DNA sequence: AGCCAGGACAAGT
DNA sequence: ACTTGTCATGGC
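In the working numbering, the protein residues as written are 3 to 285.
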C-alpha cells in the first residue's frame with residue numbers, strides 16, 4: 003500500500019506536474035516503447051533507463067534503474083518546464099483546437115533521444131502504429147543492450163552500422179531495413195550530426211536529416227519535434243493532411259507557429275481517436 | 001479478402 | 001515543380 007520498501011529497492015523520482023494524462027501521452031503515436039500495465043502505470047525504456055511511471059495527486063512518480071542524472075533526464079523527458087496551460091489557453095482561441103484540446107488535454111510532447119526518434123520515424127513510414135511498435139521492440143531485443151531488469155535499450159547507431167540488411171531480417175521491417183542501416187552509418191560516421199540539430203534553423207536541420215535515405219520532410223520533422231525538442235516543427239502526415247484539408251482550408255494559423263508541434267499533436271490524437279471527430283472512422 | 005498504414009523515392013509528365 | 005506506381009509487411 004505504501005511504497006517505502008519499494009522506494010528503497012528502486013530509485014524513485016517524484017516530479018510535481020500539472021495536467022498530464024499518461025494514457026494519452028504514451029498512446030498518441032509520438033513514442034513507441036511504453037506499455038500500459040494492469041495497474042494503470044506505464045513501463046518503458048528511454049536513455050538506457052528502464053522505468054515505471056505513474057501519476058497520482060499531481061505527482062509524476064518514476065521508479066527504475068536510473069543513474070546519477072536520473073532526475074535530469076526525466077525532468078526533460080516529460081517537458082516539465084513548459085507551461086502547457088498557457089499554451090493551451092492560447093491555442094484555444096481557435097475553435098477546432100479548442101475541441102481537440104478538450105479531448106487531448108493531457109498530452110505532453112516528450113523529449114526523446116534524437117537517434118531513437120529518427121530511427122522510430124523511419125520505421126513509421128507507410129506503416130501502422132501497432133506494427134511500428136512491434137518492429138521497434140524486435141530491434142531492441144535483437145540489437146539493444148540488455149538492462150538489469152531484462153528489458154532492452156534502444157540500439158546505438160554504432161551498433162547498427164556494423165550490420166547488413168539481412169541481419170535486420172528478424173525485424174520484418176520490409177523496405178525500411180536499408181534506411182535504418184543508412185541512417186546508422188551516416189550518424190555514426192558523423193556525416194549527420196544529431197547533436198547540433200537543436201541549434202539550427204528548421205530548414206537547415208531538415209536538410210541535414212534528409213541526407214539520409216528514407217528520410218523525407220515528414221520523418222525529418224518528427225525527428226526534430228520528438229527528438230530535438232523543436233516544438234516549432236509541424237509534421238504533416240496523412241491524418242494532419244486530413245485535418246488541414248477539412249478544418250483549415252485557408253491554412254493553419256501562423257500565430258501558433260512557435261508551438262505548432264504541440265498543436266499538431268493535439269490535432270493528431272483528436273483526429274485519430276476522438277469518436278466525436280468527423281474525421282475518425284473507427285477504433 | 002482487401003484496404004490501408006504518422007512516406008519516400010524514382011520515373012514519368 | 002506536380003502526379004503516379006512501387007515498395008514489405010501485417011493490422012483490422
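Even glycine gets a Cβ: it sits at the ideal position worked out from N, Cα and C.
Remember, predicted model here, so these are calculated numbers, not experimental data.
query, result
"Three or more C-beta pairs below 8 Å linking the region 128-143 and the region 98-108", "no"
"Inter-residue Cα distance where the pair is residue 66 and residue 104", "32 Å"
"contact_flag[the region 250-265, the region 137-156] where n(CB pairs < 8 Å) is 3 or more", "no"
"Alpha-carbon spacing of residue 163 relative to residue 173, whole angstroms", "15 Å"
"Residue 237 vs residue 247 beta-carbon contact at 8 Å", "no"
"Cross-strand partners of residue 44 (DSSP beta bridge)", "38 and 55"
"Sequence-distant residues of its chain with Cβ nearer than 7 Å to residue 26 (five each side left out)", "106, 108, 109 and 271"
"Per-residue DSSP class, three states only, for residue 3", "Legend: pLDDT at residue 3 = 39, less than 50; position of this residue unreliable, no value from coordinates given."
"Pick from 177, 72, 126 and 102 that is closest to residue 275, judged by C-alpha positions", "102"
"For residue 14, three-class secondary structure by DSSP", "strand"
"Counted within 10 angstroms of its Cβ, other Cβ atoms place residue 87 as buried (16 or more) or exposed", "exposed"
"Reference residue 200; option with closest CA among 117, 178 and 22", "117"
"Exposed unless 16 or more other CB atoms sit within 10 angstroms - verdict on residue 240", "exposed"
"Burial state of residue 256, where buried means 16 or more other Cβ atoms lie within 10 Å", "exposed"
"Contiguous alpha helix (DSSP H) assignments of at least 4 residues, all confined to the region 147-184", "159-162"
"Range covered by the beta strand (DSSP E) that runs through residue 2", "Examination of residue 2 is not possible in this model, given that the chain is present from 3 through 285 alone."
"C-beta contact flag for residue 214 and residue 179 at 8 Å", "no"
"The region 72-82 touching the region 15-23, judged by at least three CB pairs closer than 8 Å", "yes"
"Beta-carbon proximity of residue 120 to residue 227, cut-off 8 Å", "no"
"Close beta carbons around residue 143, own chain, < 7 Å, minus the five adjacent residues each side", "154"
"Boundaries (first-last residue) of the alpha helix (DSSP H) holding residue 206", "204-211"
"C-beta contact flag for residue 268 and residue 99 at 8 Å", "yes"
"Residue nearest to residue 281 in terms of C-alpha spacing, selected from 244, 233, 139 and 234", "244"
"Buried versus exposed, by CB contacts within 10 Å (16 or more), residue 115", "buried"
"For residue 78 and residue 203, the rounded distance between their alpha carbons", "21 Å"
"Unbroken alpha helix (DSSP H) run spanning residue 50, endpoints", "Residue 50 -> no alpha helix (DSSP H), and no H or E assigned at all."
"Contact check, residue 24 vs residue 57, beta carbons under 8 Å", "yes"
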